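Chemist: So that we are looking at the same thing, I have put the structure below in structure tokens.
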Amino acid sequence: MSRKKIALIGGGQIGGVLAQLAAMRQLGDVILFDIVEDLPQGKTLDIAEASAIDKFDVSVKGTNDYKDISGSDLVIITAGLPRKPGMSRDDLLSVNAKIMKSVAEGVREYAPNAIIIIISNPLDAMVTLFKKVSGFPANRVMGQAGVLDSSRFASFIAWELGVSVKDVSAPVLGGHGDTMVPLVRYASVNGLPVMELLERKYNDAAKAREVMTAMVERTKQAGGEVVKLLKTGSAFYSPASAAIQMAEAILRDEKRVLMVCALLEGEFGVNGYYVGVPAILGANGVEKVVEVSLNAEEKALMDNSVNAVTTLVADMERLGF
Ligand code: TXD
14 MSRKKIALIG GGQIGGVLAQ LAAMRQLGDV ILFDIVEDLP QGKTLDIAEA SAIDKFDVSV
74 KGTNDYKDIS GSDLVIITAG LPRKPGMSRD DLLSVNAKIM KSVAEGVREY APNAIIIIIS
134 NPLDAMVTLF KKVSGFPANR VMGQAGVLDS SRFASFIAWE LGVSVKDVSA PVLGGHGDTM
194 VPLVRYASVN GLPVMELLER KYNDAAKARE VMTAMVERTK QAGGEVVKLL KTGSAFYSPA
254 SAAIQMAEAI LRDEKRVLMV CALLEGEFGV NGYYVGVPAI LGANGVEKVV EVSLNAEEKA
314 LMDNSVNAVT TLVADMERLG F
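Just so we're aligned, residue 14 is where the sequence shown starts under the working numbering, counting upward by one.
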């Protein structure tokens with residue numbers, strides 16, 4: 014079996030960590046693209062020079078030329094500006110849309126058969142735009158947000174309950190913004206409902222609800238919490254880990270059920286919009302959106318989040334994209 018090829022578009026904070034993780038997990042040969050001269054070449058040289066220590070023999074190279082992404086099986090896109098303190102993800106819309114359009118044109122020309130994972134913000138709009146400009150089928154164009162948002166929610170639950178985070182599963186659906194929907198009812202510690210464990214811990218249902226509400230709010234604001242601490246730029250280790258989990262599921266055809274920003278065509282009552290939902294990821298990309306029932310309260314939260322996505326997409330269209 015020949016080695017897979019992974020192109021990373023954007024060689025900034027997330028792009029650099031992606032390159033290192035992809036190499037260390039030997040997912041395939043890595044090509045890191047950026048418009049800044051020498052930056053991707055410098056980062057990849059640095060990473061490759063650790064290959065004797067970390068024992069990987071995939072190649073890791075940098076480029077400023079789209080030609081070098083030819084033949085890629087998978088493309089992960091982080092090109093675009095990150096948030097500064099006080100900015101919302103949506104504030105990045107016009108500048109990042111312009112960048113995403115040029116990236117989609119480059120990828121369409123040189124990697125027409127690749128599966129695409131988009132990370133750039135505002136996520137739901139950037140995925141929509143890439144799909145539109147590239148004309149790629151929906152199964153090959155997706156966004157990363159839910160894996161990270163769910164990991165953040167799971168981390169807070171594990172820390173609160175004093176249990177291994179390996180046992181916590183805590184899905185977050187919806188758009189990648191303040192309206193995201195952490196699904197409390199489906200959060201579990203190895204199948205055991207988190208709410209019940211919290212109620213037993215505090216022996217007080219009201220207190221348990223209060224603690225859960227605080228964790229839900231922290232999850233929604235988790236990106237901003239990191240932005241505020243870093244002062245320049247946004248989270249980059251965890252978004253890279255999240256996208257690598259998706260990449261691995263695809264490249265190794267794992268059929269994992271992960272939270273993915275996928276095009277909905279009727280599922281969850283939504284048609285024609287990219288929204289975060291559970292989906293099976295395998296060799297064909299998004300192989301199936303997995304539907305689960307939502308109760309009235311969850312459905313209202315999901316509708317609210319979908320509304321935020323449709324408004325964002327309308328704003329982008331008004332800007333001429
Ligand atoms: O979970 C998620 N989806 C996210 C998304 C979590 C955190 C941050 N998220 C977003 O990812 C963030 O808001 C940004 O829009 C992207 C990338 O974040 P990163 O922290 O990596 O930003 P950097 O370090 O500024 O890197 C962006 C790189 C930088 O090197 C630019 O030179 C490059 O993008 N860039 C381009 N590359 C290719 N082509 C073009 N046109 C281009 N323009 C800038």
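By construction, the Cβ of each residue, glycine as well, lies at the ideal position given by its N, Cα and C atoms. The model shown is predicted, which means the values in this text are computed figures rather than measured ones.
If you measure from the CB of G25, is any heavy atom of ligand 1 nearer than 7 Å?
Modeler: Result yes, Cβ under 7 Å from ligand 1.
Chemist: On a CA-only basis, which of K244, L264, V239 is nearest P252? Give me that one, please.
Modeler: Of the listed residues, the one whose Cα sits closest to P252 is V239.
Chemist: At a cut-off of 7 Å, would you count G295 as near ligand 1, judging by its Cβ distance to the nearest heavy atom?
Modeler: No.
Chemist: According to the neighbour-count rule (16 or more other Cβ atoms, all chains shown, within 10 Å of its Cβ), is I66 buried or exposed?
Modeler: Under this definition I66 is an exposed residue.
Chemist: Figure out for me which residue from G148, S107, T226 has the closest Cα to the Cα of A327.
Modeler: Of G148, S107, T226, the residue nearest in Cα terms is S107.
Chemist: Among L136, G25, F69, D180, which has the Cα closest to the Cα of V49?
Modeler: If we check each option's Cα against that of V49, G25 comes out closest.
Chemist: Identify every residue that forms a DSSP beta bridge with V194.
Modeler: Answer is L186, bridged to V194.
Chemist: Do V270 and E280 have their CB atoms nearer than 8 Å?
Modeler: No, they are not a contact pair.
Chemist: Find out if the Cβ-Cβ distance for the pair F149, I131 is shorter than 8 Å.
Modeler: Result no, Cβ atoms of F149 and I131 do not sit closer than 8 Å.
Chemist: Report the three-state DSSP secondary structure of P291 (helix, strand or coil).
Modeler: Strand.
Chemist: If I follow the unbroken beta strand (DSSP E) through A275, where does it start and stop?
Modeler: It spans 269-278 - the beta strand (DSSP E) in which A275 sits, taken as one unbroken run.
Chemist: What residues in its chain sit with their C-beta under 7 Å from that of V202, if we drop five residues either side in the sequence?
Modeler: Around V202: L174, V176, D180, V181, L210.
Chemist: Which full runs of the beta strand (DSSP E) of 3+ residues lie inside the segment 58-105, going along the chain?
Modeler: For the segment 58-105, whole beta strand (DSSP E) runs of length 3 or above, ordered along the chain, are 73-76, 87-90.
Chemist: Which same chain residues end up closer than 8 Å to A151 when comparing Cβ atoms and leaving out the 5 residues on each side of it in sequence?
Modeler: Cβ within range, chain order: K144, A275, L276, E278, V299.
Chemist: Going by the CB atoms, is the gap between V73 and A92 shorter than 8 Å?
Modeler: Contact: no.
Chemist: From the DSSP secondary-structure annotation, give me the bridge partner or partners of M155.
Modeler: Answer is I130, bridged to M155.
Chemist: Can you give me the start and stop residues for the beta strand (DSSP E) that A200 sits inside?
Modeler: A200 -> no beta strand (DSSP E), and no H or E assigned at all.
Chemist: When every heavy atom of ligand 1 is checked, does at least one fall within less than 7 Å of the C-beta of I60?
Modeler: Because no heavy atom of ligand 1 lies under 7 Å away, the Cβ of I60 does not count as near it: no.
Chemist: Just how far apart, CA to CA, sit L94 and G282?
Modeler: Rounded to the nearest angstrom, the two C-alpha atoms are 32 Å apart.
Chemist: Taking three-plus beta-carbon pairs below 8 Å as touching, is the segment 178-198 in contact with the segment 316-332?
Modeler: Yes, the segment 178-198 is in contact with the segment 316-332.
Chemist: Would M155 and M113 qualify as a contact pair, given that the criterion is a beta-carbon distance under 8 Å?
Modeler: No; because the gap between Cβ atoms is not below 8 Å, this pair is not in contact.
Chemist: Quick one: what does DSSP say I257 is sitting in, helix, strand or coil?
Modeler: Helix at I257.
Chemist: If you draw a straight line from the alpha carbon of Q157 to that of Y199, how long is it in whole angstroms?
Modeler: Roughly 20 Å between the two C-alpha positions.
Chemist: When DSSP labels each residue in this structure, what does I48 get in the three-state scheme?
Modeler: Coil.
Chemist: Could you check whether E261 and L40 sit closer than 8 Å to each other, using their CB atoms as the reference points?
Modeler: Contact flag set, yes.
Chemist: May I ask you to check if the CB of T91 is nearer than 7 Å to at least one heavy atom of ligand 1?
Modeler: For ligand 1, at least one heavy atom lies less than 7 Å from the Cβ of T91.
Chemist: Considering only the alpha carbon of each residue, which of I263, I27, V273, F334 lies closest to D162?
Modeler: D162 has its Cα closest to that of V273, out of I263, I27, V273, F334.
Chemist: Going by other Cβ atoms of all chains shown within 10 Å of its Cβ, with 16 needed for buried, is R213 buried or exposed?
Modeler: Burial call: exposed.
Chemist: Please list, in chain order, all residues of the same chain as V120 whose beta carbon is under 6 Å from its beta carbon, the five residues on each side excluded.
Modeler: Counting only Cβ-Cβ distances below 6 Å, and skipping sequence neighbours, we find V88.
Chemist: Do A158 and ligand 1 come close, with the Cβ less than 7 Å from some heavy atom?
Modeler: The answer is yes for A158.
Chemist: Should E118 be labelled buried (16 or more other beta-carbon atoms within 10 Å of its own) or exposed?
Modeler: Flag for E118 reads exposed.
Chemist: Cβ-heavy atom distance between R96 and ligand 1 below 7 Å?
Modeler: Checking the Cβ of R96 against ligand 1 gives yes.
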